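Take the sequence shown: its letters are residues 1 to 481, numbered as in the numbering used here.
We treat Cβ as the ideally placed atom computed from N, Cα and C, and that holds for glycine.
Computed from a predicted structure; not experimentally measured.
Here the structure is laid out as structure tokens; the discussion comes afterwards.
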Amino acid sequence: MKQLISVKFLATMQNEQDVVKDAYVLFDDKIIEYGKLTEEKAQQFQNDKSVSIVNKVIDGKIIQANSVAFPAFVKGHGHDETCLIGLRKEDILTEWLDNVVNPFSKFIKENHEQLKKKLHDDPFKVVFRKCRLDDIQFGITTYLAHQCNYNKYYIDELVEANDEAGTRAVIAVGSQDRNFHKEILDTVDQAILRLDTAYGKHKDNKMATIIPGPDQDFSNSPEMLKAQKQWSREHEPHLLHIHSSEEKIATDLFTQRYGMTPIEYFHSIGMLDGNTFVAHQVQSTANDIKILRETQTPIINNPLANTILQSGVLNYKEVIENKIPYAVSTDGSGSADNQNILAACQLAFNFIRQQKGCPNAFKMLQRVTTSPAAILKQNVGTIQVGRQADFILFDCSKPYQACLTEENLLQMLLQKFVGNEITDLLCNGQFLLKDGKYGPRVQFDADKVINQVQIITDDFMEWMKQAEIIRETGVGWTMNK
């Protein structure tokens, strides 16, 4: 059945001027129409038995929601891994990987059966469900999950959690064949078989897309990367995702050892084009920028995680001036930030201003909607006829939101909204959030998941007291006690 929502404001993100006051959106799984809700239109919809009106109707009048309708956010890079977001955030990136991320996944792998009995559930599914709750809370319906390191073995569990949550996933399946923890090193054949297996199982799932996701430059040989890129050329949607030049120490070590930067390395083996998109790219040389411009290789930057972990700040102004495609993201629930992607967008905007760039609100908000949607090749990112019905309702009753107009809505959304005003979130026309609570499409109990995550956390903290520290996170360190 078609559904109708009436809102105070609608921003479609098709263009800067397409902001409508006293608006409506008519949809099923896709957007059917939208516009200004006149009295005549309202009566027409009330008389149409095929239309279900989401708003209250009192005395024959549709009661408008005091909300802003806006396209659902698209997360172009992230990791559905550790749920211990606040642990060891003061560490720099490589130490944090050693001390939190990789040990957590190793802990679940080694204690899988014990945890399964304790939780009466699969621990990886529990963690992945929690990651879905994080995204939904902050208005993200479409996301890339980079399943590298230990998580590359748990693709099916992520797909199942994604299906239960009603979200849309692009899953980059990881690989490593050098300079990494020996326990999870692949051969090229093993990595390709993992891709083939995941793709074969899930190719008919319209809400889960499988692509290659080799971890990074240091941990993947030319032979591995060439094989992964060739696989992407032969399989829809022809995408490949990889980390690049995130932390200065690791980037400098790679350059010293191999005589080229990560971007130069990728380019030397014919890997860069519009279908390969790189995460972070905080450390760039002039030649890196030239290569990225010429190949039109997109960047997914993660300003919250990059600054929290002291990796640095992307030179946005340089990227913009060179017309390199880019999007802004959080780094996933397995990272050092939360999933408030609006806050990430605001931080990137402030960095650009500090770098003497002059973006406007519309162009900045594109970096969390239309830009990542285009990079991931997903039919979302705008409220537009024929697009999937993925959109957010922001409550706009807060004092700091006073004086909203059609003219200033996008500026207010970028500079005044906090990110926690989201009351409703729809994906394919189904409610993932409804009136501030997880909606009927989410097929698991959020409170139960949160309690299960606490049990995993407590057990992990005990395990860490005697655990062997992992010192091979991509820069060739050795294992130490």
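Measure the C-alpha to C-alpha separation of residue i and residue j and round it to an integer number of angstroms.
i, j, result
"GLN14", "ARG441", "27 Å"
"TYR486", "ALA361", "The requested residue 486 is not part of the displayed model; the chain covers only 1 to 481."
"GLY76", "ASP59", "45 Å"
"ASP273", "PRO325", "11 Å"
"ALA467", "PHE104", "10 Å"
"ASN47", "GLN430", "23 Å"
"ILE53", "THR251", "54 Å"
"ALA11", "ASP80", "30 Å"
"GLY35", "ILE140", "24 Å"
"ARG367", "LEU376", "12 Å"
"GLY86", "LYS2", "With a pLDDT of only 49 at GLY86, under the threshold of 50, the placement of this residue in the model should not be trusted, and no figure is reported."
"TYR153", "PHE73", "28 Å"
"ALA343", "LYS117", "38 Å"
"ASN338", "ILE383", "26 Å"
"THR423", "ALA65", "11 Å"
"GLU321", "PRO298", "14 Å"
"ALA145", "ASN162", "11 Å"
"SER244", "ALA279", "6 Å"
"ASP29", "GLU264", "43 Å"
"GLN176", "VAL170", "20 Å"
"PHE9", "GLU236", "37 Å"
"LYS49", "PHE27", "14 Å"
"GLY419", "ASN451", "24 Å"
"GLY78", "SER329", "8 Å"
"GLN190", "GLY439", "40 Å"
"THR307", "PHE351", "11 Å"
Could you round the C-beta distance between residue i and residue j to whole angstroms and report it? I think they count as a contact, below 8 Å.
i, j, result
"GLN346", "ASN315", "Not really, about 18 Å apart at Cβ, beyond 8 Å."
"PHE218", "ASN179", "5 Å"
"ALA227", "ILE210", "At roughly 16 Å, the Cβ-Cβ gap does not stay under 8 Å, so ALA227 and ILE210 are not in contact."
"ILE269", "TRP231", "Rounded, the Cβ-Cβ distance is 14 Å, inconsistent with contact."
Return the first residue and the last residue of the alpha helix (DSSP H) that residue i is part of.
i, result
"GLN3", "Element bounds for GLN3: not the alpha helix (DSSP H) but the beta strand (DSSP E), 2-11."
"SER371", "370-376"
"THR405", "Per DSSP, THR405 belongs to no alpha helix (DSSP H) and is neither H nor E."
"LYS317", "316-321"
"LEU292", "286-295"
"LYS226", "222-234"
For residue i, decide whether its Cβ has a neighbour in chain B, counting only Cβ atoms nearer than 8 Å.
i, result
"LYS8", "The question asks about chain B, but that chain is absent: this structure has only one protein chain."
Compute the minimum distance between the beta carbon of residue i and the heavy atoms of the ligand PLP, and state whether it is under 7 Å.
i, result
"PHE460", "For the ligand PLP, the structure offers nothing, since it holds no ligand at all."
In terms of residue numbering, what span does the beta strand (DSSP E) encompassing residue i cover?
i, result
"CYS427", "422-427"
"PRO212", "208-212"
"ILE32", "31-36"
"HIS202", "Per DSSP, HIS202 belongs to no beta strand (DSSP E); it is in the alpha helix (DSSP H), 188-202."
"PRO71", "65-71"
"SER329", "Run containing SER329: none; DSSP gives neither H nor E here."
"PHE27", "19-27"
"ASP59", "Note, ASP59: premise wrong, no beta strand (DSSP E); not H, not E."
Measuring CA to CA, which of the options is closest to residue i?
i, options, result
"VAL159", "LEU119, ILE140, LYS109 and LYS203", "LYS203"
"ILE291", "VAL319, TYR143 and ASN301", "VAL319"
"THR370", "PHE351, ILE300 and SER311", "ILE300"
"HIS238", "LYS182, GLN378, ILE341 and ARG129", "GLN378"
"ASN220", "ASP186, ASN205 and THR141", "ASP186"
"LYS109", "LEU4, GLN454, LEU119 and ASN151", "ASN151"
"THR457", "GLN44, ILE62, GLY78 and PHE107", "PHE107"
"GLU40", "LYS30, LYS49 and ILE62", "ILE62"
"LYS434", "GLN310, SER67, THR38 and VAL449", "SER67"
"GLY332", "THR307, ASN302 and ILE308", "ASN302"
"GLU462", "GLN388, HIS181, ASN111 and LEU4", "ASN111"
"ALA374", "ASN275, ARG194 and ASP22", "ASN275"
"GLU16", "GLN411, ALA446, LEU432 and PHE417", "GLN411"
"LYS248", "PHE394, CYS403, LYS323 and VAL282", "VAL282"
"MET271", "PHE349, ILE242 and GLY419", "ILE242"
"ASP22", "GLN452, ASN451, LEU404 and THR142", "LEU404"
"ASN55", "ILE392, GLU406, THR142 and ILE5", "ILE5"
"PHE70", "ASP445, GLN43, ASP18 and THR38", "ASP18"
"VAL173", "CYS358, CYS148 and GLU294", "CYS148"
Original post:
Which ranges does the beta strand (DSSP E) cover as unbroken runs of at least 3 residues, wholly within the segment 112-197, from first to last along the chain?
Top reply: Listed in chain order, they are 140-147 and 168-173.
Subject >> alpha helix (DSSP H) runs contained entirely in the segment 249-276, provided each spans 4 or more residues >> reply: Every unbroken stretch of the alpha helix (DSSP H) spanning 4 or more residues and falling wholly within the segment 249-276 is given here in chain order: 262-268.
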